[in-house]
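Undergrad: If you read the sequence shown in the numbering used here, its first letter stands for residue 3, the second for the next number, and so on. Ideal Cβ positions, reconstructed from N, Cα and C, are used throughout, including at glycine. As the structure is a prediction and not an experimental result, all values here were calculated from the model.
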Amino acid sequence: MLFVDGMMGVIGHNATVQWLYTLCGSLYRLVVKTALKLLLVFVEYTESNAQLLIQAIAAAEQAKGGLPWSPLVAILEPDSGSDSELQVFAMTLINKTLAALPDQDSFYDVTDCLEQQGMERIITQHMAGKGTDPGLRHQLTIYEVRPRSQFGGGLCCSFVQWATPLHLAVSPPLNNFTVIVQ
């Protein structure tokens, strides 16, 4: 998949992306980790792949009657027993997908679906926890504080009670920002 020909084959075969997504719900940690890493490579390869991933997720969940993104939300649950490495990969995949979406409607479709599954509660619990992995905390912060300049807006911050101070430094252009969690 890392070679151009292999990636073009994956891009042209949505069933492969669906299969990788369904592996994120596996009971085996190594399978989940590998699937998440491959999906990250897929989304990072080109921006249009984010939309292909969303289509694959919708098709996979429609086939089994589940909610889109549910395996990733399950990984992120604080009491799921998932280790922090899987949680960081899951949250990174969500953030990379959201960052690559071309339009506001797609962006809000994904975030609304995540919020319906309790994403705000999950973030609040992780941010309040003293033992939260710094990498996960960083990815959760990116999800909560995201630039909307591509959609004609400024910054959007969800109103979550942070257990630690949050400092946001924005430099022109608006899509270059730094989040510092102390």
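Roughly how many angstroms separate the alpha carbons of alanine 130 and methionine 10, rounded to a whole number?
TA: 42 Å
Undergrad: Quick one: using the 10 Å Cβ neighbour count with 16 as the cut-off for buried, is valine 90 buried or exposed?
TA: buried
Undergrad: So what's histidine 15 in DSSP terms, helix, strand or just coil?
TA: coil
Undergrad: Please work out which residues of its chain come closer than 7 Å, Cβ to Cβ, to threonine 94, disregarding the five sequence neighbours upstream and downstream, and give them in chain order.
TA: If we look at threonine 94 and ignore the five residues flanking it on each side, its Cβ neighbours are Leu42, Gln141.
Undergrad: How should tryptophan 21 be labelled, buried or exposed, when 16 other C-beta atoms within 10 angstroms of its C-beta is the threshold for buried?
TA: exposed
Undergrad: I'd like to know whether the C-beta atoms of leucine 103 and alanine 52 end up nearer to each other than 8 Å.
TA: yes
Undergrad: Can you list, in chain order, the residues of its chain whose CB lies under 8 Å from that of serine 82, leaving out five sequence neighbours each side?
TA: Result list for serine 82: Ala76, in chain order.
Undergrad: Would a C-beta distance cut-off of 8 Å place leucine 74 and alanine 62 closer than the cut-off?
TA: no
Undergrad: Should arginine 31 be labelled buried (16 or more other beta-carbon atoms within 10 Å of its own) or exposed?
TA: exposed
Undergrad: Would you decide whether threonine 99 is buried or exposed? Buried here means 16 or more other CB atoms lie within 10 Å of its CB.
TA: Result: buried.
Undergrad: Taking DSSP as the reference, what is the three-state secondary structure of leucine 95?
TA: helix
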